[in-house]
Amino acid sequence: MTGKSKTFDTRINCYACKHFYVTWDAQLPRGCRAFGFKSAALPSVVVKQSSGTPCMKFAKKENKGRNE
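Following my numbering, the numbering of the sequence shown begins with 33 at its first residue and continues without gaps.
Structural data, given as structure tokens:
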């Protein structure tokens with residue numbers, strides 16, 4: 033047991049979220065359309081650090097025409 037709460041062990045994968053996008057800004061390469069910001073870190077990490085709760089806007093991407 034590491035002593036960490038379960039919320040720290042649960043990480044949201046922004047790359048699987050439909051709101052995540054890669055920007056053309058070299059200093060702020062990752063963005064979140066749902067919250068409307070760009071950052072150097074993954075947006076889910078920024079949301080967790082800012083609010084203390086996991087991202088509540090996560091929406092899994094639909095796989096269009098891809099075999100799973």
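No residue lacks a Cβ here, since even glycine has one placed at the ideal position from N, Cα and C.
DSSP three-state call for residue i: helix, strand or coil?
| i | result |
| --- | --- |
| K80 | helix |
| C87 | coil |
Looking only at its own chain, which residues have a Cβ that is under 8 Å from the Cβ of residue i, when we skip the five neighbours before and after it?
| i | result |
| --- | --- |
| K93 | A48, C49 and K50 |
| A72 | Q59, L60, P61 and R62 |
Taking 6 Å as the limit between beta carbons, can you name the residues of its chain near residue i, skipping five residues before and five after?
| i | result |
| --- | --- |
| S76 | I44, C46 and C87 |
Using CA atoms only, rank isn't needed, just tell me which of the options is closest to residue i.
| i | options | result |
| --- | --- | --- |
| F52 | T85, G68 and G84 | G68 |
For residue i and residue j, which I take to be in contact (beta-carbon distance under 8 Å), what is that distance rounded to the nearest angstrom?
| i | j | result |
| --- | --- | --- |
| K70 | T55 | 5 Å |
| A66 | K80 | About 15 Å; that fails the 8 Å criterion. |
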